[in-house]
Amino acid sequence: MAHYVDYEQAKWLKIIGFNEECKYYYDFIGDICSSNNETNWNISNETLYSRPEQHQVVNWLLEKHGIHIKDDFEREYSFEKDKVISTKYRCYVNKFVESISGYDFKFKTNLFDSPKEAYSAAFNILNNNLI
Numbered sequence: 000m001a002h003y004v005d006y007e008q009a010k011w012l013k014i015i016g017f018n019e020e021c022k023y024y025y026d027f028i029g030d031i032c033s034s035n036n037e038t039n040w041n042i043s044n045e046t047l048y049s050r051p052e053q054h055q056v057v058n059w060l061l062e063k064h065g066i067h068i069k070d071d072f073e074r075e076y077s078f079e080k081d082k083v084i085s086t087k088y089r090c091y092v093n094k095f096v097e098s099i100s101g102y103d104f105k106f107k108t109n110l111f112d113s114p115k116e117a118y119s120a121a122f123n124i125l126n127n128n129l130i
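Mapping of the sequence shown onto numbering that gives the first Met the number 0: position 95 corresponds to residue 94, and the numbering continues sequentially without gaps.
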């Protein structure tokens, strides 16, 4: 199942130079549109925003900005029931640089019910604080 960025994240990605081809895009009011061909919607029209899958953004941030996003999970286990009760997900975000500590910044998201929510939270933190 594909997981896409939301409208606000798509606008932020356009500002920071996201330039990958995508099948889906948002129009100027945030409606989702599609095409038969993948296109870089961010350069094709001023009022359109590419709607990439989250994994595309993760790869692009690493390649273009040196930002590494890794997902992780925590499980709550019931020994009485002998099964996992719940699984929660979070993302760790790092930007490695040549320095004493080895990174420019690092943070982790809160726990969420799905990886999609954790990645979305990581993108929002980057949007609001770092890039």
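Virtual Cβ for every residue (Gly too), placed ideally from N, Cα, C.
Residue i versus residue j: straight-line alpha-carbon distance, rounded
i: Gly29; j: Thr46; result: 10 Å
i: Pro51; j: Glu79; result: 43 Å
i: Leu110; j: Ala120; result: 10 Å
i: Asn36; j: Lys22; result: 6 Å
i: Asn93; j: Asn18; result: 22 Å
i: Phe95; j: Ile31; result: 35 Å
i: Ala117; j: Ser43; result: 30 Å
i: His64; j: Asp81; result: 44 Å
i: Trp11; j: Phe27; result: 14 Å
Element boundaries [alpha helix (DSSP H), containing residue i]
i: His2; result: Counting along the chain, His2 falls outside any alpha helix (DSSP H), and DSSP gives it neither H nor E.
i: Asn39; result: Run containing Asn39: none; DSSP gives neither H nor E here.
When the options are compared against residue i, the one with the closest alpha-carbon
i: Glu7; options: Ile15, Met0 and Glu79; result: Ile15
i: Gln53; options: Ile66, Lys115 and Asp81; result: Lys115
i: Ile68; options: Leu125, Phe111 and Ile31; result: Leu125
i: Ser113; options: Arg74, Phe106, Phe95 and Gln55; result: Arg74
i: Asn123; options: Val56, Ser34 and Glu20; result: Val56
Per-residue burial, residue i [other beta carbons within 10 Å of its own, 16 or more giving buried]
i: Phe72; result: exposed
i: Val83; result: exposed
i: Cys90; result: buried
i: Asn41; result: buried
Nearest-angstrom beta carbon gap, residue j and residue i [assumed within contact, 8 Å]
i: Ser49; j: Asn39; result: 7 Å
i: Ala9; j: Tyr25; result: 5 Å
N-terminal and C-terminal residue of the beta strand (DSSP E) that residue i is part of
i: Phe72; result: Ile66 to Ser77
i: Phe122; result: Phe122 -> not in any beta strand (DSSP E); alpha helix (DSSP H) instead, spanning Pro114 to Ile124.
i: Arg50; result: No beta strand (DSSP E) contains Arg50, which DSSP labels as neither H nor E.
i: Thr86; result: Lys82 to Phe95
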